[in-house]
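Engineer: Quick one: structure below, then a few questions.
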Amino acid sequence: MSEQIFGIHGAALELRSQRMGVLASNIANAATPGYKARDIDFNAALEARMLRQRGTSTEVSGPALVYRSPTMPALDGNTVELGREQVAFAENALAYSATLSFVQGKVNTITRALKGE
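Take 18 as the starting number for the sequence shown in the numbering used here and just add one per residue.
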């Protein structure tokens, strides 16, 4: 039902939320020796989610987690580059906010239609 109402935006909102958690984990572990920075391949994860919702794929896996390759490897084996993670977090937060605004607008439209306004 929500796919019919919100289309791709419901899945996008959920994936952006999951990505926010992964990026926050990277930032929190910036000083942890040996920690490997991860990210979600948003486009691949969204495509897989939409294929699953349409019934054209039966694969039930989580989001497409990938490990990041550092530009400047650290001596302690940590691959988190704090600046890069902060930029990715900010971009993802902006996209999350935009998607949430769209979904809220859709809900407001449906609510007004149900009230007969």
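All residues carry an ideal CB built from backbone N, CA and C; glycine is no exception. Predicted model, so just to flag it, every value in this text is computed and none were measured.
Could you say which of 36, 91, 122 and 63 lies nearest to residue 53 if we only look at CA atoms?
Structural biologist: The shortest Cα separation from residue 53 among 36, 91, 122 and 63 belongs to 91.
Engineer: Considering only the beta carbon of each residue, do residue 67 and residue 110 sit closer than 9 Å?
Structural biologist: Not in contact: residue 67 and residue 110 (Cβ atoms no closer than 9 Å).
Engineer: List the residues that DSSP assigns as beta-bridge partners of residue 55.
Structural biologist: Residue 55 is bridged to 84.
Engineer: Buried or exposed: which applies to residue 116, given that a residue is buried once 16 or more other Cβ atoms fall within 10 Å of its Cβ?
Structural biologist: By the 10 Å Cβ count, residue 116 comes out buried.
Engineer: Among 124, 22 and 82, which residue has its Cα nearest to the Cα of residue 63?
Structural biologist: Taking only the C-alpha atoms, the option nearest residue 63 is 82.
Engineer: Which value, in whole angstroms, describes the spacing of the CA atoms of residue 101 and residue 35?
Structural biologist: Rounded to whole angstroms, residue 101 to residue 35 spans 18 Å at the Cα level.
Engineer: According to DSSP, is residue 89 part of a helix, a strand, or is it coil?
Structural biologist: Coil, per DSSP.
Engineer: Which residues mark the beginning and the end of the alpha helix (DSSP H) in which residue 98 is found?
Structural biologist: That residue, residue 98, is in no alpha helix (DSSP H); it is neither H nor E in DSSP.
Engineer: Output the distance between the C-alpha atoms of residue 96 and residue 85, rounded to the nearest integer angstrom.
Structural biologist: The alpha-carbon atoms of residue 96 and residue 85 are separated by roughly 7 Å.
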